[in-house]
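Participant: One structure is given below, represented as structure tokens, and several questions about it will come after.
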Amino acid sequence: MPEYSNPATNISTAAWTTPVASHRPLAQSLQADELMISSVRLEEILNLVPFMFLAINGSIPFISDPTPVEFQGWHIIFWTITCWMFYRTNFRLHLDLWTCRFGLAFLLFGLASGFWGTATLKAFIRPSIDSVCVFLYYNYLMSRFKRVQFVRMLVWALTILMVLSIIAAVAFPMVGVDQGTRNHEIAGSWQGVFSQKNNLGIGCAVGVAVALGLKPQTNADRTWRWLLMVLALFCVYKSGSRESWIAIGIILMLVPILAFIRRFDQRSRLPLIIIVGVIGTITTALIYTNLDAFLALFGRTRNLTNRTDIWAAVWLLIGRRPLLGYGTYGVWGTPVAYDADVRVGGWEVSSSHNDFLEIILTYGFIGFALYLPIIISAIFYIGRAVLSYTLAHLEVLIYCMIVVLVESFAAAVIMYTPAIGMILVLYCTSQLELIERTGFMRLDPSTRS
1 MPEYSNPATN
11 ISTAAWTTPV
21 ASHRPLAQSL
31 QADELMISSV
41 RLEEILNLVP
51 FMFLAINGSI
61 PFISDPTPVE
71 FQGWHIIFWT
81 ITCWMFYRTN
91 FRLHLDLWTC
101 RFGLAFLLFG
111 LASGFWGTAT
121 LKAFIRPSID
131 SVCVFLYYNY
141 LMSRFKRVQF
151 VRMLVWALTI
161 LMVLSIIAAV
171 AFPMVGVDQG
181 TRNHEIAGSW
191 QGVFSQKNNL
201 GIGCAVGVAV
211 ALGLKPQTNA
221 DRTWRWLLMV
231 LALFCVYKSG
241 SRESWIAIGI
251 ILMLVPILAF
261 IRRFDQRSRL
271 PLIIIVGVIG
281 TITTALIYTN
291 LDAFLALFGR
301 TRNLTNRTDI
311 WAAVWLLIGR
321 RPLLGYGTYG
331 VWGTPVAYDA
341 DVRVGGWEVS
351 SSHNDFLEII
361 LTYGFIGFAL
371 YLPIIISAIF
381 YIGRAVLSYT
391 LAHLEVLIYC
401 MIVVLVESFA
411 AAVIMYTPAI
421 GMILVLYCTS
431 QLELIERTGF
441 MRLDPSTRS
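This is the structure we're talking about:
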């Protein structure tokens with residue numbers, strides 16, 4: 001692989017490639033290259049542990065308890081591996097402050113919320129350490145691996161989680177299947193090794209996104225890709241997570257649309273996208289005028305499985321601390337939620353079931369103002385990319401952002417499963433912004449448009 005330096009980030013592949021001097025024997029050069037490739041592949045495999053930790057957010061269902069149990073060993077392992085990753089890179093943090101400025105500002109604000117939040121110090125410390133490690137780990141991934149390697153690691157990790165979820169649901173139904181202890185309406189829904197069914201659904205939706213976005217380079221890549229697709233579609237059906245069904249449905253509809261747009265040059269894409277936008281607007285209007293019938297297809301009503309009741313209660317809580325919010329872990333499972341009596345159908349809820357509301361509740365409108373540019377910039381760069389660049393290398397970013405946006409309205413990708421959600425948002429936003437600024441993707445010179 002030739003040495004490549006990104007002028008915007010001043011990152012060079014020389015940091016992890018083995019330079020081959022012209023006078024070295026060919027056999028010795030090939031041996032050195034094989035060792036380098038083997039080392040990188042081993043490092044990819046070792047990253048499966050933190051990837052799986054991030055996906056399940058350090059929580060696992062437990063047979064003797066209807067609620068997920070935080071396995072503290074996961075956190076110790078994740079912190080240790082994060083330190084080891086930086087040891088591998090000689091403790092150099094390849095940080096492009098301009099690209100990650102929104103994520104960094106949001107992270108620092110979240111850490112500062114401990115000073116005014118309502119959470120106890122004990123409850124605040126662990127998620128704060130997790131957040132710092134997630135941000136550092138993200139920057140390690142961005143500087144260490146090419147895009148195709150990052151996506152491949154996600155495919156591996158999510159495939160393993162799908163297999164483990166099926167085993168848990170079939171062999172250990174008291175663990176892998178929701179027993180309806182907290183909500184009898186979802187009894188029988190699969191949750192696998194995730195903390196609940198909607199988190200399994202999010203994992204499946206992300207699995208479909210990265211599987212479709214992976215560009216196979218070997219037969220093994222093709223096998224992993226299709227295995228993940230089949231397992232994710234099966235698991236999301238068994239989970240009954242309607243929001244994830246919608247996210248996957250949108251992604252599957254986008255596949256032929258993007259393939260069709262890719263056939264046109266850049267000058268012809270804008271009129272085509274306008275036509276697609278008009279069709280989409282008309283379709284949305286038709287759905288809205290027949291909203292009850294549309295929601296009935298997914299087993300939903302206008303109250304979205306009592307989500308509107310939760311949102312109304314959350315708005316009342318927001319009104320008490322609108323500017324700075326309650327801080328990290330300052331609401332759910334605390335006297336604040338108990339005093340507000342945020343319940344639905346007799347069971348206590350554990351999130352706002354909406355990322356935007358959850359961020360306002362946790363960090364106030366000031367924190368939301370720091371988070372919103374992340375989403376807006378991602379949407380902006382996706383639009384620019386569709387108009388200007390080779391879509392074959394951008395599909396995984398587009399699909400992942402679809403998952404984040406759809407799930408954010410009815411679930412809680414970022415705040416309820418903050419680690420993997422923030423990784424995906426930062427990754428998509430940073431890659432797209434770098435494309436906008438430099439014309440090609442970081443660490444992947446083969447994707448120059």
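Its first residue numbered 1, the sequence shown is counted upward by one per residue in UniProt numbering.
Where a beta carbon is used, it is the ideal one built from N, C-alpha and C, also for glycine.
Would DSSP call VAL177 helix, strand or coil?
Facilitator: VAL177: strand per DSSP, three-state reduction.
Participant: Restricting to runs no shorter than 4 residues, where is the alpha helix (DSSP H) found entirely within the stretch 102-165?
Facilitator: The qualifying runs are 121-144.
Participant: If distances are taken between C-alpha atoms only, which option among SER143, ARG144, LEU158 and LEU42 comes closest to LEU54?
Facilitator: Checked all of SER143, ARG144, LEU158 and LEU42; the closest Cα to LEU54 is LEU158.
Participant: For a test of the three-state rule: what should DSSP assign to TRP224, helix, strand or coil?
Facilitator: Three-state result, TRP224: helix.
Participant: So, for ILE45: in the same chain, excluding its five sequence neighbours on each side, which residues have a beta-carbon less than 7 Å away from its beta-carbon?
Facilitator: The answer is none, since no qualifying residue turns up.
Participant: Alpha carbon to alpha carbon, how far is GLY203 from ALA232?
Facilitator: Those two C-alpha atoms are separated by around 8 Å.
Participant: Counting along the chain, where does the alpha helix (DSSP H) carrying PRO256 start and finish?
Facilitator: Unbroken alpha helix (DSSP H) run through PRO256: 242-261.
Participant: Taking just the CA atoms, how far does VAL406 sit from GLY207?
Facilitator: So the two alpha carbons sit approximately 15 Å from each other.
Participant: Three-state secondary structure (DSSP) at PHE368?
Facilitator: Note: PHE368 maps to helix in three-state DSSP.
Participant: Have a look at LEU107, PRO50, ALA123 and VAL163 and flag the residue whose alpha-carbon is nearest the alpha-carbon of ILE81.
Facilitator: It is PRO50.
Participant: Where does SER315 sit, in a helix, a strand or coil, going by DSSP?
Facilitator: Ser is not the amino acid found at residue 315; the sequence shown has Trp there. Helix.
Participant: Alpha carbon to alpha carbon, how far is ARG225 from ALA259?
Facilitator: Spanning the two alpha carbons is a distance of roughly 18 Å.
Participant: Is DSSP giving TRP332 helix, strand or coil here?
Facilitator: Three-state result, TRP332: coil.
Participant: Work out the CA separation of LEU214 and ARG152 for me, nearest whole Å.
Facilitator: Roughly 7 Å between the two C-alpha positions.
Participant: Once the 5 residues before and after ALA337 are set aside, which same chain residues still bring their CB inside 6 Å of it?
Facilitator: Within the same chain, ALA337 has close Cβ partners VAL331.
Participant: I'd like the list of long-range same chain contacts for LEU30, defined as Cβ closer than 6 Å, with 5 residues on each side in sequence excluded.
Facilitator: At LEU30 the pLDDT is 43, less than 50, meaning the model places this residue with poor confidence; the figure from the coordinates comes in the next sentence. So the list is empty, once near-sequence residues are dropped.
Participant: Is there contact between the stretch 168-175 and the stretch 137-157, where contact requires at least three CB pairs shorter than 8 Å?
Facilitator: No, the stretch 168-175 is not in contact with the stretch 137-157.
Participant: Enumerate in chain order the residues of its own chain whose CB-to-CB distance from LYS197 is below 7 Å, with the five nearest sequence positions on each side excluded.
Facilitator: Here the set comprises ASP178, ILE186, SER189, TRP190, GLN191, SER239, GLY240 and SER241.
Participant: Under the assumption that PHE124 contacts TYR329 (Cβ atoms under 8 Å), give the Cβ distance between them as a whole number of angstroms.
Facilitator: The Cβ separation is near 6 Å, so the contact holds.
Participant: Is the stretch 308-327 in contact with the stretch 351-361, if contact means three or more CB pairs nearer than 8 Å?
Facilitator: Contact between the stretch 308-327 and the stretch 351-361 is present, because at least three Cβ pairs lie under 8 Å.
Participant: Between ASN6 and SER131, what straight-line distance do the alpha-carbon atoms span, to the nearest angstrom?
Facilitator: With a pLDDT of 37 at ASN6, under the threshold of 50, the modelled position of this residue cannot be trusted; read the value that follows with caution. Going by the C-alpha atoms only, they are around 27 Å apart.
Participant: Around the C-beta of ILE275, are 16 or more other C-beta atoms found within 10 angstroms, so that it is buried, or is it exposed?
Facilitator: Under this definition ILE275 is an exposed residue.
Participant: Apply the 10 Å Cβ neighbour rule to ARG307 and answer buried if 16 or more other Cβ atoms are within range, or exposed otherwise.
Facilitator: Counting Cβ neighbours within 10 Å, ARG307 comes out buried, since at least 16 surround it.
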